Ligand code: 13P
Ligand code: SF4
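Numbering (the working numbering), first residue to last: 246 to 683.
Put into structure tokens, the structure is as follows:
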């Protein structure tokens, strides 16, 4: 039975003219509502070819809100103006007043002005672990995106509260897989008699509901640093993997790290019946890849790699595995955010690097390692617009509110969802070999 028909049409990406203009959208003040499954801008304009549902009327920016879609606008409180020259002093004072009761986590892709106030920085899973390792902190202020704050909530105790300074900080990749679509996909695999041969493997960059689906169906979560271990484990259990939601991480790991064949991968399009695939294709496939991608990493191109090699003598190209397969194939090194940092830190001085990951991190790498030559790989890629939603005014607002005894923007995952999501997260921690558990 297909569940998608029961979904609210405004949350169905096939019906939405998806406005995608990366950081430009943030610069224009395009904001989204504070709904639990935060959606985000993405780079592809998608209009359904198969739906007769009405198109959304355009919302004139600044002329109203639409709290049922990603075009909602308002922060639920009084944000200090970005021009306030006292913002740094205010952040310091609020943090000092809160003392050990607050712990501020900063993802590597956050702005400098926010990283300045982070008690620790890291990738998504390292930050969730850091949150869990701070049971004395009543408040975890998560400077990252919504799915990360959810994971932190799942992994922290009931007495701790996770705060996301701007609820509009979603992730376009995570939003490319809605739980109803994933349940539909599974139902179709059951009807085809294939589900019993399939293990779900879900990237950390996904909603808590999809992590819970993974736990219910005997699968595991993975991160970009342990995807190889996770896939190896999954293919020891059963003969096929449903990889959610990033097709590129799934394909790159299977082909590059496990030596699998490219034609062992098929892409499940949630907007088409049976994913747009035939029974024969699904029967033959080892990897059923969800049709999702990162709006930032998906833009690094083969041309940019070729240009870097042409223009920078001796350059080494290092990219994140969320990049497209042809880019990853051309790169010298491929790795998670943490691996990119560690590789550049360990390289001999004077090494030339062209780095294909989010721009905030690459700029900080260039500042931190002046002995290396560090270039941003692609001239047409900008910051992650949703990561950049968390700015100093939002951080000051969240910290000052906490200092005044008001908890703003708490992230609470439903207990049943959290339970099953935790099963999948614990399965990841139990994986053999290299994981984040150490
Ligand atoms: P990591 O945090 O696992 O490096 O993932 C990269 C990313 O795109 C986060 O949104
Ligand atoms: Fe999502 Fe990509 Fe931004 Fe990470 S960098 S939050 S995967 S859109």
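No residue lacks a Cβ here, since even glycine has one placed at the ideal position from N, Cα and C. Quick caveat: nothing in here was measured; it's all calculated off a predicted structure.
If we count the other Cβ atoms within 10 Å of its Cβ and call it buried at 16 or more, is residue i buried or exposed?
| i | result |
| --- | --- |
| residue 676 | buried |
| residue 555 | exposed |
| residue 341 | exposed |
| residue 558 | exposed |
| residue 524 | exposed |
| residue 693 | Residue numbering for the chain in the displayed model covers 246 to 683; residue 693 lies beyond these limits and cannot be assessed. |
| residue 469 | buried |
| residue 532 | buried |
| residue 624 | exposed |
| residue 425 | buried |
| residue 658 | buried |
| residue 419 | buried |
| residue 482 | exposed |
| residue 232 | As shown, the chain starts at 246 and ends at 683. That puts residue 232 outside it, with no answer to give. |
| residue 328 | exposed |
| residue 560 | buried |
| residue 667 | buried |
| residue 350 | buried |
| residue 508 | exposed |
| residue 417 | buried |
| residue 540 | buried |
| residue 579 | buried |
| residue 344 | exposed |
| residue 379 | buried |
| residue 517 | exposed |
| residue 587 | exposed |
| residue 546 | buried |
| residue 429 | buried |
| residue 665 | buried |
| residue 316 | Below a pLDDT of 50, predicted positions are generally treated as unreliable, and residue 316, at 43, falls in that range; no measurement from the model is reported. |
| residue 369 | buried |
| residue 331 | exposed |
| residue 595 | exposed |
| residue 520 | buried |
| residue 211 | With the chain running from 246 to 683 in the structure shown, residue 211 is simply not present. |
| residue 636 | buried |
| residue 270 | Since pLDDT at residue 270 reaches only 36, below the 50 mark, its modelled position is unreliable, and the value read off the structure follows with that caveat. Classification for residue 270: buried. |
| residue 590 | exposed |
| residue 529 | exposed |
| residue 599 | buried |
| residue 441 | exposed |
| residue 548 | exposed |
| residue 257 | Only weak support exists for where residue 257 lies, its pLDDT of 32 falling under 50; the value from the coordinates is given anyway. Burial call: buried. |
So residue i and residue j are in contact, right, with Cβ under 8 angstroms, and what is the actual spacing, rounded?
| i | j | result |
| --- | --- | --- |
| residue 414 | residue 631 | 5 angstroms |
| residue 460 | residue 669 | 4 angstroms |
| residue 536 | residue 515 | 7 angstroms |
| residue 452 | residue 489 | With a Cβ gap of about 10 angstroms, residue 452 and residue 489 do not count as contacting. |
| residue 367 | residue 653 | Going by Cβ atoms, the distance from residue 367 to residue 653 rounds to 24 angstroms, so no, they are not a contact pair. |
| residue 347 | residue 386 | 6 angstroms |
| residue 354 | residue 568 | So it is not a contact: roughly 15 angstroms between Cβ atoms. |
| residue 397 | residue 372 | 7 angstroms |
| residue 550 | residue 497 | Wrong, their Cβ atoms sit about 15 angstroms apart, outside the cutoff. |
| residue 502 | residue 473 | 4 angstroms |
| residue 465 | residue 617 | About 35 angstroms; that fails the 8 angstroms criterion. |
| residue 410 | residue 642 | 7 angstroms |
| residue 640 | residue 359 | 6 angstroms |
| residue 692 | residue 626 | For the chain, the structure presents residues 246 to 683; residue 692 sits outside this window and is missing. |
| residue 527 | residue 439 | 6 angstroms |
| residue 562 | residue 622 | 7 angstroms |
| residue 542 | residue 602 | 7 angstroms |
| residue 408 | residue 655 | 6 angstroms |
| residue 570 | residue 538 | Their Cβ separation, rounded to whole angstroms, is 11 angstroms, which puts residue 570 and residue 538 out of contact at 8 angstroms. |
| residue 686 | residue 553 | Residue 686 cannot be examined here, being either before or after the span of the chain that is shown, 246 to 683. |
Starting from residue i, follow its DSSP beta bridges and name the residues at the other end.
| i | result |
| --- | --- |
| residue 487 | 445 and 533 |
| residue 360 | According to DSSP, which records beta bridges pairwise, residue 360 is partnered with nothing at all. |
| residue 365 | 350 |
| residue 597 | 618 |
| residue 467 | 448 |
| residue 456 | Looking at the DSSP assignment, residue 456 forms no beta bridge with any residue, so it has no partner. |
| residue 578 | 563 |
| residue 541 | Beta-bridge pairing links residue 541 to no other residue. |
| residue 406 | 384 |
| residue 512 | 534 |
| residue 656 | 407 |
Residue i CB to nearest chain D CB: under 8 angstroms?
| i | result |
| --- | --- |
| residue 402 | Among the chains of the structure shown, chain D does not appear; only one protein chain is present. |
_Environment of the ligand SF4 in chain order, Cβ to heavy atom below 5 angstroms_ = Of all residues, those with a beta-carbon under 5 angstroms from at least one heavy atom of the ligand SF4 are 390, 416, 417, 418, 450, 539, 540, 541 and 629, reported in chain order.
_the segment 400 to 413 in contact with the segment 422 to 435 per 3-pair CB rule at 8 angstroms_ = No contact exists between the segment 400 to 413 and the segment 422 to 435.
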